[in-house]
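S.K.: Sharing a structure, written as structure tokens. Questions coming.
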Amino acid sequence: MKTVALILLSLFSTFIAAQENPKDTLFFSYDKNYIRTYVKIPNHFYLKDSNGTNNGAFYFTEVKTLENQKIKSKEICLRKFVRSSKYFDKNTDPKLNDYELWKYLRDYFVFLVKEVDSKKKYIQVKSSYEIE
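For the sequence shown, the residue numbers in our numbering are 174 to 305.
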């Protein structure tokens, strides 16, 4: 009986360890000059540096919006983050490796922090990648 219990316990712990958990939370400042949205798909946030859907495009998809939250967070400039990363090379065409950026950010909880009427609005997003 003890042997069966130990086997079940070891299998259960293996399944728990196999599930991936997000690494951490990132808060990016919402920059309307760098983040583009479209009327037909308002819950998608495209980056100005993204390559477009022919080559594969990175974008954020809105999960939910939190307002009036008292979150102490250090906001990061999204443009500086992307352009200083190993996924961006201004000397190549295309400049941004959308797929690798998506692979990196998919393991994080990501929030876009937008200031609306002197209040912060936290838009939880998930990283997305699409090829048409």
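We treat Cβ as the ideally placed atom computed from N, Cα and C, and that holds for glycine.
Check the DSSP bridge columns for I214 and list the partner residues they point to.
M.R.: Y211
S.K.: Comparing alpha-carbon positions, which option in Y219, Y295, Y302, K196 lies nearest S246?
M.R.: Y295
S.K.: Where does K292 sit, in a helix, a strand or coil, going by DSSP?
M.R.: strand
S.K.: First and last residue of the beta strand (DSSP E) that includes E240?
M.R.: Following the DSSP letters along the chain, one finds E240 inside the beta strand (DSSP E) bounded by residues 230 to 240.
S.K.: Look at the alpha carbon of D222 and the alpha carbon of Q242, and state the distance between them as a whole number of angstroms.
M.R.: 30 Å
S.K.: Which whole-angstrom value describes the C-beta separation of Y281 and D197, a residue pair presumed to lie in contact below a C-beta threshold of 8 Å?
M.R.: 6 Å
S.K.: Identify every residue that forms a DSSP beta bridge with E248.
M.R.: For E248, DSSP assigns no beta-bridge partner whatsoever.
S.K.: Is the beta carbon of L285 less than 8 Å from the beta carbon of F231?
M.R.: no
S.K.: Per DSSP, which one or two residues make a beta bridge with S223?
M.R.: None; S223 has no bridge partner.
S.K.: Below 8 Å CB to CB, which residues in the same chain sit around V298 once its five sequence neighbours on both sides are set aside?
M.R.: F218, F233, T234, E235, V236, V283, F284, L285
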